[in-house]
Amino acid sequence: MSCAKVISQFEVFPAGELGRRRTWSTAEKLRIVEESYSGHRQGSVVARRHGISRALLTQWRKAYHLGVLDGGKGGGFSPVEIRPDGPPLPRPSVPAVGPGERIEIMLPNGRRLIVDVSVDMAMLTRLIQVVERA
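Just so you know, the sequence shown maps onto residues 3 to 136 in the numbering used here.
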């Protein structure tokens, strides 16, 4: 004896609807899709109410999410205005540091270099090169 159970779902459409192919406007599709999102698990109910299959409603929902079914409201190009360059933006001010403040630099070779914050950049570059070679 087999314990296998066959369960299948199918939809029954009224006989008057058979053989008739309906074309839906974008506005109607939008209205139906938005109605299908009105509550929890409303897809099948809304599809039955409008005489469409759940598969068709699912296709419309996918198109809705991709922005294809928007009735021309979204997507496309936005106008862009190019203006000539204005005055340069002010540089952010660096907080003043007092004399004797130091920074610590950890080098890739594991050595540590401690220098005064007001050290000249060229001098710092030379120091780093010397310490890395040592």
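Glycine included, each C-beta is placed from N, C-alpha and C at the ideal position.
Do you know offhand how far K31's Cα is from L71's? 8 Å
S120 burial status per 10 Å Cβ neighbour count (16 or more: buried): exposed
Cutoff 6 Å; reference L115; Cβ partners in own chain excluding five residues on either side: I107 and V133
CB R43 to CB A49, shorter than 7 Å? no
In the DSSP assignment, what are the bridge partners of R114? M108
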